[in-house]
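In the working numbering, the protein residues as written are 8 to 323.
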């Protein structure tokens, strides 16, 4: 009996049809389980080991549901073996829906922004790691480790500059961030209302961050372009909810975006070169463009001078 069959043995889902579907950049794997009369659930495998996140996914899912947000119920789980059956929130991610209904972009992204506004009032679970300025700046070492090793000589200066910029411009580290809040990780549920329209999937790496972190993840998405209209509608919505003036808001947004996308470039290069996941090469040009855009903000003048010479597309 396979590991999957052993896990499902004796459960209501043991004989359901299993259909694999694409996961994310991690080692996690997913299957949609389909039973009689079209009932469905999701089987998730997060292989046991140091990166297994089920012991975090399960309590955070409960925490989000208790706050009135749409995270999946955990129906059956064995964290030691890395398996869980979770409720199926729907088959259409935001990215998939907008691929066939691009006219819905602004409305869908505003609904996602409303989830982020709700998260401002959601307590940070005890013991959650905090993305403090020093931690955030240090995480960008992946850029020098993988994307531009020749930048290693200047990276201590970049790290120091980013730590200062994050500490100066991004605000208190007291918001629950789902961290990978973007169109491929969100389920669009238009038949529902309020924050239930957005199903939440990827939150096992949640941390405490400044208020704008997940909005940056949503709007500086390296996987897809977002219209200026949608960007403006969502930033205005969040800015109003937070009561921030535009100068402070724009500075915080740019600094967080640069921190995130420097790190992401390093991650993509590692996935491409070391793990053979060449599909991530398609996202590198957009990531570079977004970085160059955000580095023009005055709050990042000194960092731009250091980093810009290394923002060159790599050859496959």
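Just so you know, even glycine gets a beta-carbon here, dropped at the ideal spot from N, CA and C.
query, result
"I believe residue 115 touches residue 76 by the beta-carbon criterion, under 8 Å. Please report the beta-carbon distance rounded to the nearest angstrom.", "At roughly 16 Å, the Cβ-Cβ gap does not stay under 8 Å, so residue 115 and residue 76 are not in contact."
"From this set, 181, 38, 53 and 134, which residue's C-alpha is nearest residue 128's C-alpha?", "181"
"Here's a check: name, in chain order, each residue in its chain whose Cβ is nearer than 6 Å to the Cβ of residue 131, leaving out the five neighbours to either side.", "183 and 215"
"Does the distance from the C-beta atom of residue 188 to that of residue 219 stay below 9 Å?", "no"
"Can you name the residues that DSSP bridges to residue 195?", "205"
"Can you pull the DSSP bridge partners for residue 162?", "None, per the DSSP bridge assignment."
"So the alpha helix (DSSP H) residue 223 belongs to, where does it begin and stop?", "220-226"
"Would you say the region 236-243 touches the region 97-117, given that touching needs at least three Cβ pairs under 8 Å?", "yes"
"Going by beta carbon distance, what residues of the same chain come within less than 7 Å of residue 99, once the five residues before and after it are set aside?", "194 and 195"
"Please report the residue range of the beta strand (DSSP E) in which residue 37 lies.", "36-41"
"Within 10 Å of its beta-carbon, does residue 168 have 16 or more other beta-carbons around it, so buried, or fewer, so exposed?", "buried"
"For residue 98, which beta-bridge partners are listed by DSSP?", "According to DSSP, which records beta bridges pairwise, residue 98 is partnered with nothing at all."
"The alpha helix (DSSP H) spanning residue 253 covers which residue range?", "253-282"
"Helix or strand or just coil, what does DSSP make of residue 85?", "strand"
"Between the region 297-315 and the region 266-273, do at least 3 Cβ pairs fall closer than 8 Å?", "yes"
"Please classify residue 201 as buried or exposed, where buried requires at least 16 other C-beta atoms within 10 Å of its C-beta.", "exposed"
"What's the C-alpha gap between residue 158 and residue 290?", "21 Å"
"Going by DSSP, which residues form a beta bridge with residue 242?", "Bridge partners of residue 242: none, in fact."
"Beta carbon of residue 68, beta carbon of residue 78: below 9 Å?", "yes"
"What's the gap between the Cα of residue 107 and the Cα of residue 163?", "45 Å"
"In the DSSP assignment, find the alpha helix (DSSP H) that holds residue 303 and state where it starts and stops.", "Where residue 303 is concerned, there is no enclosing alpha helix (DSSP H), given that its DSSP letter is neither H nor E."
"What are the boundary residues of the alpha helix (DSSP H) that includes residue 214?", "Element bounds for residue 214: not the alpha helix (DSSP H) but the beta strand (DSSP E), 214-216."
"Which residue's Cα is closest to the Cα of residue 280: 23, 186, 155 and 141?", "155"
"With DSSP as the reference, identify every bridge partner of residue 184, one or two as the case may be.", "214"
"What separation, rounded to the nearest whole angstrom, lies between the Cα atoms of residue 37 and residue 125?", "28 Å"
"Are the CB atoms of residue 47 and residue 39 within a distance shorter than 9 Å?", "yes"
"So what's residue 314 in DSSP terms, helix, strand or just coil?", "helix"
"Which residues bound the beta strand (DSSP E) around residue 73?", "Counting along the chain, residue 73 falls outside any beta strand (DSSP E), though it belongs to the alpha helix (DSSP H) covering 61-73."
"For residue 332 versus residue 310, is the C-beta distance shorter than 9 Å?", "This structure does not reach residue 332, given that the chain is present from 8 up to 323, and the question cannot be answered."
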